[in-house]
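Visitor: Sequences listed follow chains L and Y, in order.
End of the first sequence sits at 103 in our numbering; the numbers just go up one at a time, nothing left out.
End of the second sequence sits at 1152 in our numbering; the numbers just go up one at a time, nothing left out.
Glycine included, C-beta positions come from ideal geometry on N, C-alpha and C.
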Amino acid sequence: MSSIKIRTKRLDGNTQIRTLISHPMEHGRNKDKTTNKLIPAHYIQVLTVTHNGKTIATCNIGAGISKDPYFAFLLKGGKSGDVIVINWIDNLGNKDSEQHTII
Amino acid sequence: MKVNRRKFLKTSLVYSAAGLTLLETSLANAEWLAADFVPSSFDATMKQLLKGKPIIETDKIDLNIPEIAENGALVPVTVTSSLKDIKNIAIVVEQNPVPLAIQAMLMPELESLLSARLKIASSSFVFAIAEGEKVCYSIKKKVKVTIGGCGG
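1) DSSP has Asp1062 of chain Y in a bridge; who is on the other side?
2) Closest by CA to Ile1061 of chain Y, which one among Y:Lys1140, Y:Ile1147, Y:Pro1099 and Y:Pro1097?
3) 7 Å is my cut-off, CB to CB: does Ser1234 of chain Y come that close to chain L?
4) For a cutoff of 7 Å on Cβ pairs, would you count Glu1133 of chain Y as touching chain L?
5) Rank L:Asn36, L:Val46 and L:Lys37 by C-alpha distance to the C-alpha of Ile69 of chain L and give the top, closest one.
6) Quick one: give me the first and last residue of the beta strand (DSSP E) that Lys1119 of chain Y is part of.
7) So is Thr15 of chain L in contact with chain Y if we call contact Cβ pairs under 7 Å?
8) How is the alpha helix (DSSP H) around Leu1049 of chain Y delimited, first residue to last?
9) Output the residue ranges of the beta strand (DSSP E) runs that lie fully inside the stretch 13-58 of chain L and measure 3 residues or longer, sorted by chain position.
10) Would you call the CB atoms of Leu1106 of chain Y and Ala72 of chain L closer than 7 Å?
11) For His27 of chain L, collect the residues of the same chain with a Cβ closer than 7 Å to its Cβ; drop the 5 residues on either side in sequence, then sort them by chain order.
12) What does the Cβ neighbour count give for Ala1028 of chain Y, buried or exposed, with the cut at 16 atoms within 10 Å?
13) Using a Cβ cut-off of 7 Å (strictly closer), state whether Ala1104 of chain Y contacts chain L.
14) Does Lys1119 of chain Y get closer than 7 Å to chain L when you measure Cβ to Cβ?
15) Report the three-state DSSP secondary structure of Lys1007 of chain Y (helix, strand or coil).
16) Quick check on Gln99 of chain L: buried or exposed, where buried means 16 or more other Cβ atoms within 10 Å of its Cβ?
17) List, in chain order, every chain L residue whose beta-carbon is nearer than 7 Å to that of Asn1096 of chain Y.
18) Using a beta-carbon distance cut-off of less than 7 Å, what residues from the stretch 1056-1079 of chain Y approach chain L?
19) Quick check: what's the CA-CA separation for Lys31 of chain L versus Asn94 of chain L?
20) What is the DSSP secondary structure of Ile86 of chain L, counted as helix, strand or coil?
21) I need the straight-line Cα distance from Leu1023 of chain Y to Ile89 of chain L, nearest angstrom please.
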């Protein structure tokens, strides 16, 4: 199952894009309570949003974003059938992508 | 936090590896800048963000964030702007070990709006910085982080 959830909603002619990603977003300074060792850093570094194949947003992200990050953007216009794709890459090289069609 | 040489080399290796994967996938034309996200002082982060552009405090950017956060690990924030030439929105938390939380490059197809959820280590000023053509606009708000949700 993909780690990304995308929801879109029409708002006064604009389209709100909301996304929720399940990711630990560890910044590398937390300690594991049972082993008393530092939990290695594991967080998303780059998030991109594309609209019909064109990149509309590129976010550079640090570990200062919460666990299971949520982001929202507002697309000017947008019509039903448009394809939104969201990608992420984290510091361990993992990546995921999800496609969504505006209803 | 002290960063020794060994650790610095190690992290820079990891970051360059991440950079390579990025190039391979040609996913983004902007590379993730490791230098922006290492633990550093607030002033150094701001210097890097502004790239020599003057900074103007303005009320044309709206930073919507609760004044009192019950849980510092999850603080919702929304930045909106009525300015036209914004291409870049960054959110910086002054007291965090890594002050820069997110830097979003928004193409003209998007309205100047960015929502996210932040981790805030302790009570701190939160800055939203919007980069325009020639100047950077900023707004700051104080956020109080209370543990257990009481007083403080």
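Guide: Concretely, from the data shown:
1) Y:Thr1080
2) Y:Lys1140
3) A query on residue 1234 of chain Y cannot be resolved here, the shown segment of chain Y reaching from 1001 to 1152 and no further.
4) no
5) Checking the sequence shown, residue 69 of chain L turns out to be Pro, not Ile. Out of L:Asn36, L:Val46 and L:Lys37, L:Val46 has the C-alpha closest to the C-alpha of Pro69 of chain L.
6) Looking at the DSSP string, Lys1119 of chain Y is not in any beta strand (DSSP E), and its letter there is neither H nor E.
7) no
8) Phe1042 to Leu1050
9) 14-21 and 44-51
10) no
11) Ala41, Tyr43 and Ala63
12) Any reading at Ala1028 of chain Y needs caution, since the residue's pLDDT is 41, under 50, leaving its predicted position unreliable; the model's value is listed next. So Ala1028 of chain Y ends up on the buried side.
13) yes
14) yes
15) helix
16) exposed
17) Gly64
18) Ala1073 and Leu1074
19) 22 Å
20) strand
21) Confidence at Leu1023 of chain Y is low in this model, with a pLDDT of 45, below 50, so its placement is unreliable and no value can be given for it.
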